[in-house]
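Mind the numbering: the sequence shown is residues 82 to 193 in the numbering used here, read in order.
Idealized CB from N, CA, C, for every residue including glycine.
All values reported here derive from a predicted model rather than from experimental measurement.
Worksheet: one structure, shown below.
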Amino acid sequence: MTYVVTEACVKCKYTDCVDVCPVDCFKEGPNFLVIDPDECIDCTLCVAECPVEAIYAEDDVPAGQEVYIELNAQLSKHPNWKTIVEKKDPLPDHADWSGVKDKLQYLDKNDA
């Protein structure tokens, strides 16, 4: 089992989670983070660090957000989505987006 970044991260991109990851499995896109399932060691450290509760065990991803399991796997292999290992500021308008639902349409899958 691996951990998955879900909808709450879209257009927020808090990076508190990357500071605690012992294996550097987070990849950064323009407005979203993903976890590389091949690198994740299921340590759970990132879960408590996420201020918007966007990280779930693969088996516990909320109903309707299962698409994020595959998105994490795909986008973690995107050639321009690089490993992120240090905390950065969230996106400038993160507070406006942190409680918004159904954000998949806003996920930018292009270059980071």
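Taking CB distances under 8 Å as the criterion, tell me whether residue i reaches chain D.
i, result
"E139", "The displayed structure is made up of one protein chain only, and chain D is not part of it."
According to the Cβ coordinates, are residue i and residue j closer than 8 Å?
i, j, result
"Y137", "V85", "yes"
"I116", "V104", "no"
"V133", "A89", "yes"
"Y149", "T87", "yes"
Identify every residue that forms a DSSP beta bridge with residue i.
i, result
"V142", "None; V142 has no bridge partner."
"E130", "None, per the DSSP bridge assignment."
"I136", "V86"
"K190", "None, per the DSSP bridge assignment."
"K108", "V115 and T164"
Between residue i and the rest of its own chain, which residues show a CB-CB distance below 6 Å, the 5 nearest in sequence each way excluded?
i, result
"D100", "K168"
Determine the extent of the beta strand (DSSP E) in which residue i is found, giving its start and end residues.
i, result
"I116", "L114 to I116"
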